[in-house]
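Peer 1: The sequence shown maps to residues 1 to 87 in full-length UniProt numbering. Don't be surprised by glycine CBs; every beta carbon is placed ideally from N, CA and C.
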Amino acid sequence: MEAGLMSDTNKRNLLYFESPSMRGLYEAIDEWQESAERRLLSLSIQRDGDNFCCLALTNPSEVVITSPDGHNHANVSRFGTLAVDAV
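The following block contains the structure:
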């Protein structure tokens with residue numbers, strides 16, 4: 001992976017679930033979370049015709065800390081301190 005590029009896991013953080021029942025929707029979401037071993041950041045559930053539909057955002061598994069202009073990335077020292085070089 002090149003520096004500055006996100007992994008495929010982070011490129012796709014939008015999920016869609018649907019079921020004719022709220023219980024079925026819950027079970028589909030719960031099954032996905034268990035198999036993917038990931039948390040959801042937010043959910044929006046609406047009725048669409050006879051189905052319950054959910055758009056969900058996953059929690060990012062990678063966070064990149066940069067300077068305000070995005071050019072300099074944070075570094076963690078061997079002592080555990082975090083620093084972003086000034087531009």
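1. Are residue 54 and residue 42 close, meaning C-beta to C-beta below 8 Å?
2. So, do the region 62 to 74 and the region 21 to 28 have three or more beta carbon pairs nearer to each other than 8 Å?
3. Determine the direct distance from the alpha carbon of residue 75 to that of residue 59, and round the result to whole angstroms.
4. DSSP three-state call for residue 35: helix, strand or coil?
5. Once DSSP output is grouped into helix, strand and coil, what is the label at residue 26?
6. Among all the DSSP beta bridges, which residues are the ones paired with residue 47?
7. Compare the Cα-Cα distances from residue 13 to each of 39, 47 and 73 and report the closest residue.
8. Give the secondary structure of residue 81 by DSSP, where H, G and I count as helix, E and B as strand, and everything else as coil.
9. Are the beta-carbon atoms belonging to residue 56 and residue 82 less than 8 Å from one another?
Peer 2: According to the structure shown:
1. no
2. no
3. 22 Å
4. helix
5. helix
6. 52
7. 39
8. coil
9. no
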